[in-house]
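Written out below as structure tokens is the structure these notes cover.
And the structure:
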């Protein structure tokens, strides 16, 4: 006859403890993955909003290059006269802004006339590239403020730029 050995359930208790530990490890890992996914999404949204704001600046610079005079800067629409632009660029409503549709979203911008400036003052004493000082003279300065909002609407970037053009 075979003898029956009475088991006391130790194997069951040990396996349940191991199962509990593994469950805690998996739950902790899934929380970490969710947190990393949220962080990645926020970084992407932030990058998209910055790229949109920079696209708005480029669009405004291209618009300035088409100008033949500054007569259109009369504080209507997105073109503000000297010292007439919004005081706080961080306020939610700038008024009537120019909207730029870019792949991935939209940007909005306004341009404020800064007035006549000496061209060397704009670029630290140098007008052209590589240290040339030729071409100095009167230039008209412009302040460009562009805002881009990311896909989710949670990230917003504002880029302020200065641009000069000789007429």
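Numbering (our numbering), first residue to last: 37 to 203.
We put the CB at the ideal spot given by N, CA and C, even for glycine.
Predicted model, so just to flag it, every value in this text is computed and none were measured.
Checklist entry - DSSP state of residue 106, grouped into three classes? => result coil
Checklist entry - Going straight from the alpha carbon of residue 94 to that of residue 79, what length do you get? => result 23 Å
Item to check | Beta-ladder partner(s) of residue 74, from DSSP | outcome: In the DSSP output, where bridge partners are listed per residue, residue 74 has none listed.
Item to check | As assigned by DSSP and simplified to three states, the class of residue 141 | outcome: strand
Item to check | Nonlocal neighbours in the same chain, by C-beta distance under 6 Å from residue 184, ignoring five residues either side | outcome: 85, 88, 89, 143, 193
Checklist entry - Where does residue 81 fall in DSSP's three states? => result helix
Item to check | Alpha carbon of residue 118 to alpha carbon of residue 201, nearest angstrom | outcome: 15 Å
Checklist entry - Where does residue 51 fall in DSSP's three states? => result helix
Checklist entry - Can you tell me whether DSSP reads residue 151 as helix, strand or coil? => result strand
Checklist entry - How should residue 55 be labelled, buried or exposed, when 16 other C-beta atoms within 10 angstroms of its C-beta is the threshold for buried? => result exposed
Checklist entry - Are the beta-carbon atoms of residue 115 and residue 123 separated by less than 7 Å? => result no
Checklist entry - Contact check, residue 181 vs residue 146 under 8 Å by CB: the rounded distance? => result 6 Å
Next on the checklist: Counting C-beta neighbours from all protein chains within 10 Å, is the total for residue 178 16 or more, i.e. buried, or is it exposed?
Outcome noted: buried
Item to check | Residue closest to residue 81, alpha-carbon to alpha-carbon, out of 67, 92, 191 | outcome: 191
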